[in-house]
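Colleague: Residues in the sequence shown are numbered from 159 upward in steps of one, following the working numbering.
From the three backbone atoms N, C-alpha and C, an ideal C-beta is built for every residue, glycine too.
Note that the coordinates shown come from a computational prediction; the quantities given were computed from them, not determined experimentally.
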Amino acid sequence: RLTMADIPFDDRLYNAARNLVDRIEVIDPERTSDISQPWLKQALLWSIGGLGFSAEDVKGLLEDD
C-alpha cells in the first residue's frame, strides 16, 4: 500500500521510531522506567529496519569493535 502511494516504507519506519522516542522523552526524560523500555526497544527495531538492517546485522557490526 505504501509503495503504491510512492512513500518509501523505510522512511515511515524510521520516522515512526523517531516520533515514538520523542513522545517517550516527554513522559520519561531519563528513558529508564519499566513502561518506557519495551517501547524504546520497539523504536530501535523500527529505526534499524528503516535503515535496511536487521537487529542481528547491527549487533554483528557493533561487536566488531
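How many angstroms separate the CA atom of residue 174 from the CA atom of residue 222?
Modeller: About 29 Å.
Colleague: Tell me which residues share the same chain as residue 172 and place their Cβ nearer than 8 Å to its Cβ, disregarding the 5 neighbours each side in the sequence.
Modeller: Taken in chain order, the residues that qualify are 204, 205, 208 and 209.
Colleague: Any idea what DSSP makes of residue 186, helix, strand or coil?
Modeller: Here residue 186 sits in coil by DSSP.
Colleague: If we count the other Cβ atoms within 10 Å of its Cβ and call it buried at 16 or more, is residue 220 buried or exposed?
Modeller: Looking at its Cβ environment, which holds fewer than 16 other Cβ atoms inside 10 Å, residue 220 is exposed.
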